[in-house]
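**Student:** Chain order of the listed sequences is A and B.
Per UniProt numbering: the first sequence ends with 285, consecutive numbering throughout.
Per UniProt numbering: the second sequence ends with 285, consecutive numbering throughout.
We treat Cβ as the ideally placed atom computed from N, Cα and C, and that holds for glycine.
There are 2 protein chains.
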Amino acid sequence: MDLWYTENHQEDTKFSIKVQEHIHSEKSEFQQIDFFRSETFGTFFTLDGYMMVTEKDEFIYHDMITHVSMAVNPNIKKVLIIGGGDGGTAREVLRYPGVEVVDMVEIDERVVRLCQQYLPLTASKLDQDNRLTLYFEDGLKFVQEADEGYYDLILVDSTDPIGPGEGLFTVAFYNNCKRVLSEEGILINQHESPYYASYAHEMKRAHSKIKETFPISKVYQFHMPTYPSGHWLFGFASKKYDPIKDIKADEWNKLGIETKYYNTDLHVGCFMLPTYVKKQLDNEE
Amino acid sequence: MDLWYTENHQEDTKFSIKVQEHIHSEKSEFQQIDFFRSETFGTFFTLDGYMMVTEKDEFIYHDMITHVSMAVNPNIKKVLIIGGGDGGTAREVLRYPGVEVVDMVEIDERVVRLCQQYLPLTASKLDQDNRLTLYFEDGLKFVQEADEGYYDLILVDSTDPIGPGEGLFTVAFYNNCKRVLSEEGILINQHESPYYASYAHEMKRAHSKIKETFPISKVYQFHMPTYPSGHWLFGFASKKYDPIKDIKADEWNKLGIETKYYNTDLHVGCFMLPTYVKKQLDNEE
Chain A
1 MDLWYTENHQ EDTKFSIKVQ EHIHSEKSEF QQIDFFRSET FGTFFTLDGY MMVTEKDEFI
61 YHDMITHVSM AVNPNIKKVL IIGGGDGGTA REVLRYPGVE VVDMVEIDER VVRLCQQYLP
121 LTASKLDQDN RLTLYFEDGL KFVQEADEGY YDLILVDSTD PIGPGEGLFT VAFYNNCKRV
181 LSEEGILINQ HESPYYASYA HEMKRAHSKI KETFPISKVY QFHMPTYPSG HWLFGFASKK
241 YDPIKDIKAD EWNKLGIETK YYNTDLHVGC FMLPTYVKKQ LDNEE
Chain B
1 MDLWYTENHQ EDTKFSIKVQ EHIHSEKSEF QQIDFFRSET FGTFFTLDGY MMVTEKDEFI
61 YHDMITHVSM AVNPNIKKVL IIGGGDGGTA REVLRYPGVE VVDMVEIDER VVRLCQQYLP
121 LTASKLDQDN RLTLYFEDGL KFVQEADEGY YDLILVDSTD PIGPGEGLFT VAFYNNCKRV
181 LSEEGILINQ HESPYYASYA HEMKRAHSKI KETFPISKVY QFHMPTYPSG HWLFGFASKK
241 YDPIKDIKAD EWNKLGIETK YYNTDLHVGC FMLPTYVKKQ LDNEE
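#1: So, is the C-beta of aspartate 265 of chain A closer than 7 Å to a C-beta in chain B?
#2: So is threonine 6 of chain A buried or exposed if we call it buried at 16+ other beta carbons inside 10 Å?
#3: Hey, is lysine 18 of chain A's beta-carbon within less than 7 Å of any beta-carbon in chain B?
#4: Taking C-alpha atoms, which residue in A:Asp2, A:Lys209, A:Ala123, A:Asp12 lies nearest to threonine 13 of chain B?
#5: Taking valine 268 of chain A as the query, report the chain B residues whose CB atoms sit under 9 Å from its CB, ordered along the chain.
#6: Is glutamate 166 of chain B closer than 7 Å to threonine 122 of chain B when the C-beta atoms are compared?
#7: Quick check on the DSSP output: what are the complete beta strand (DSSP E) runs of length 3 or more inside the stretch 160-202 of chain A, in order along the chain?
#8: Please list the terminal residues of the continuous alpha helix (DSSP H) segment that includes glutamine 117 of chain B.
#9: Give the straight-line distance between the Cα atoms of valine 111 of chain B and tyrosine 195 of chain A, rounded to the nearest whole angstrom.
#10: Does the Cβ of isoleucine 162 of chain B have 16 or more other Cβ atoms within 10 Å, making it buried, or fewer, making it exposed?
#11: Would you mind telling me which residues of chain A sit closer than 7 Å to glycine 230 of chain B, beta carbon to beta carbon, in chain order?
#12: Just tell me which of A:Val99, A:Gly85, A:Tyr50 has its CA closest to the CA of aspartate 157 of chain A.
#13: What is the rounded straight-line gap between the Cα of glutamate 148 of chain A and the Cα of leucine 114 of chain A?
#14: Taking the runs of the alpha helix (DSSP H) that are 4 residues or longer, which of them lie wholly in the stretch 14-99 of chain B?
#15: Quick one: which unbroken alpha helix (DSSP H) runs of 4-plus residues sit fully inside the stretch 194-259 of chain B? Chain order, please.
#16: Taking the straight line between their C-alpha atoms, what separation do you get for methionine 64 of chain A and phenylalanine 222 of chain A?
#17: Using a cut-off of 7 Å between C-beta atoms, extract the partners of lysine 218 of chain B located in chain A.
#18: Tell me which same chain residues have a C-beta within less than 8 Å of the C-beta of glycine 269 of chain B, skipping the five on either side of it?
#19: Quick check on serine 38 of chain B - is its C-beta less than 7 Å from some C-beta in chain A?
#20: Give the DSSP-derived three-state secondary structure of tyrosine 276 of chain A in the structure shown.
#21: What three-state label does DSSP hand threonine 7 of chain A in the structure shown?
#22: Could you work out which residues of chain B lie near aspartate 12 of chain A, taking near to mean beta carbons separated by less than 7 Å?
#23: Among B:Phe142, B:Ile23, B:Asp160, B:His67, whose alpha-carbon lies nearest the alpha-carbon of histidine 9 of chain B?
#24: Taking the straight line between their C-alpha atoms, what separation do you get for glutamine 144 of chain A and phenylalanine 173 of chain A?
#25: According to DSSP, leucine 134 of chain B sits in a beta bridge with which residue or residues?
#26: Are the stretch 227-242 of chain A and the stretch 204-214 of chain A touching by the rule of at least three beta carbon pairs closer than 8 Å?
#27: Which residues mark the beginning and the end of the beta strand (DSSP E) in which aspartate 157 of chain B is found?
#28: How would you label aspartate 103 of chain A, buried or exposed, when you count the other beta carbons within 10 angstroms and need 16 or more for buried?
#29: Would you grab the beta carbon distance between leucine 187 of chain A and phenylalanine 214 of chain A for me? Rounded to a whole angstrom, and I think it's under 8 Å.
#30: Does DSSP put alanine 123 of chain B in a helix, in a strand, or in coil?
#31: Quick check: what's the CA-CA separation for isoleucine 82 of chain A versus leucine 155 of chain A?
#32: Let's test the definition: count the other Cβ atoms within 10 Å of the Cβ of glutamine 190 of chain A and tell me whether it reaches 16, buried, or not, exposed.
#33: Can you check which of these residues, B:Pro243, B:His267, B:Tyr199, is closest to leucine 281 of chain B by C-alpha distance?
#34: Which residues of chain A have a Cβ atom closer than 7 Å to the Cβ of tyrosine 96 of chain B, listed in chain order?
#35: Restricting to Cα atoms, I'd like to know which of A:Asp152, A:Lys245, A:Ser28, A:Asn176 is closest to glutamate 101 of chain A.
#36: Please determine, among B:Gln31, B:Met51, B:Glu106, B:Arg91, the residue with the shortest C-alpha to C-alpha distance to lysine 125 of chain B.
Below, the structure is given as structure tokens:
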């Protein structure tokens with residue numbers, strides 16, 4: 001028997017992975033959760049059928065959501081992670097000895113529990129570090145109620161802006177992020193993709209909102225082969241730091257944090273976007 | 001009826017596009033050639049079932065194979081294109097008024113003729129510019145017989161190193177490229193991909209050969225969504241030019257060549273590779 005997982009990247013474009021085992025399937029309060037095992041990608045899981053994390057390329061996503069901000073401000077102490085139930089983002093943040101507080105707000109506790117069970121590669125640090133506090137709450141509500149100026153860094157590790165992730169792409173959310181960030185504060189958000197029309201639409205919407213909220217708002221790219229088109233983006237927004245001019249490359253490299261994707265040259269390179277992406281972000285096309 | 005084109009990126013990984021029409025199918029002397037039409041990608045064609053060119057993202061590949069070298073040496077006059085039967089590389093090269101000679105050596109005349117018929121977006125310049133000469137020959141043989149030091153630029157726009165493209169990944173070929181290049185000479189080659197094991201293997205093999213042949217040998221990356229993993233590479237090799245230190249950004253920008261993917265910031269950025277790719281290229285993993 002052949003068993004294939006398929007994601008429709010567009011209505012007429014499919015990406016499929018042969019499945020060795022459908023490890024787990026359940027409908028939580030918020031979404032459909034499935035875990036699979038494949039030869040090429042190892043264990044991977046999907047939410048509502050959309051690819052979230054594979055063992056083969058999770059290092060790319062988690063390197064890029066975390067280390068860019070930490071190299072701009074290696075003195076970050078208080079971090080808020082919104083989403084990120086697989087634990088990979090928390091794992092990377094917790095590698096910094098200077099980080100004192102990590103609050104992780106994941107709406108769906110089942111994602112965390114299942115990743116702890118099936119994806120120890122990403123989730124194993126979630127119960128091993130007393131700097132981390134897990135909140136199973138709505139991220140939008142959490143930032144509404146958080147103290148002004150408390151966090152140095154917010155990492156929005158969300159799904160696409162449909163389903164539970166929708167509120168994390170709103171002006172209300174971005175405004176609250178700005179409010180709870182310190183003057184040194186940096187916001188990194190999952191910024192969708194420029195290639196397929198439906199994703200590019202969400203990318204433009206998100207960027208126009210963040211651009212209005214933060215004085216500095218840039219976008220950086222990376223190669224994420226298991227996401228639609230493989231061309232994925234994060235947003236970097238801050239009150240005072242420019243991600244390129246203000247990189248502390250020497251300071252970051254002295255920390256000795258070994259990474260498989262990120263490095264401080266790539267840090268600069270990843271903000272150099274293709275012309276068609278720049279035009280989309282500037283609303284010129 | 002649903003008709004889907006599928007390419008196996010690995011044995012257990014498939015990419016599929018819904019086909020509106022299978023426009024053409026033939027077996028040439030060298031390979032199986034198929035043309036299709038799809039809603040998202042427009043017209044696309046495959047050789048031996050492997051995706052070559054789609055109307056949607058050909059600009060990415062052709063921008064990146066051409067403009068990086070031209071921005072390093074805007075005085076390039078004599079260009080050799082090996083492969084590139086779709087005509088997209090020739091189209092981009094011929095946009096430079098300073099280019100005097102373009103010799104294009106494609107082993108399979110049928111690819112050129114069919115692209116002229118079905119892909120005018122890439123092929124339409126192939127019979128419109130008297131600076132261009134088409135040779136339907138083996139590229140390996142052509143460079144063996146070409147004059148020493150004649151070309152300023154060689155663009156190897158080849159298929160993967162199986163089938164007709166195999167000879168273009170050999171030491172004999174790279175040595176002949178070096179011989180027929182001028183002292184200002186630059187070689188750009190299709191450099192495969194770092195993500196899936198089978199492609200990474202070919203990437204490493206190609207790089208180790210070129211590194212031994214040319215004093216300067218770098219690799220740059222781009223996002224090519226219809227190729228396996230979407231993470232694709234070109235090699236930049238030369239006798240004296242460093243692709244970053246020697247970029248003539250102002251001079252290139254003054255030419256006023258409009259591009260959808262390439263720009264002189266991206267030029268610098270695209271050489272900043274992920275750590276795991278650098279390690280593979282340095283034979284450290």
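**Tutor:** Walking through what the data contain:
#1: yes
#2: exposed
#3: yes
#4: A:Asp2
#5: Val268, Gly269, Met272
#6: no
#7: 181-190
#8: 109-118
#9: 27 Å
#10: exposed
#11: His223, Pro225, Ser229, Gly230, His231
#12: A:Gly85
#13: 33 Å
#14: 58-72, 88-93
#15: 197-213, 249-254
#16: 8 Å
#17: Near lysine 218 of chain B there are no residues of chain A at all, since even the closest Cβ is about 12 Å away, more than 7 Å.
#18: none
#19: yes
#20: helix
#21: One detail in the question is off: residue 7 of chain A reads as glutamate in this sequence, not threonine. Glutamate 7 of chain A falls in the strand class under three-state DSSP.
#22: Ile17, Lys18, Ser38, Glu39, Thr40
#23: B:Asp160
#24: 8 Å
#25: B:Met104
#26: yes
#27: 151-157
#28: buried
#29: 7 Å
#30: helix
#31: 6 Å
#32: buried
#33: B:Tyr199
#34: The contacting residues do not exist; tyrosine 96 of chain B stays about 18 Å from chain A at best.
#35: In the sequence under discussion, the amino acid at residue 101 of chain A is valine, which differs from the glutamate named in the question. The shortest Cα separation from valine 101 of chain A among A:Asp152, A:Lys245, A:Ser28, A:Asn176 belongs to A:Asp152.
#36: B:Arg91
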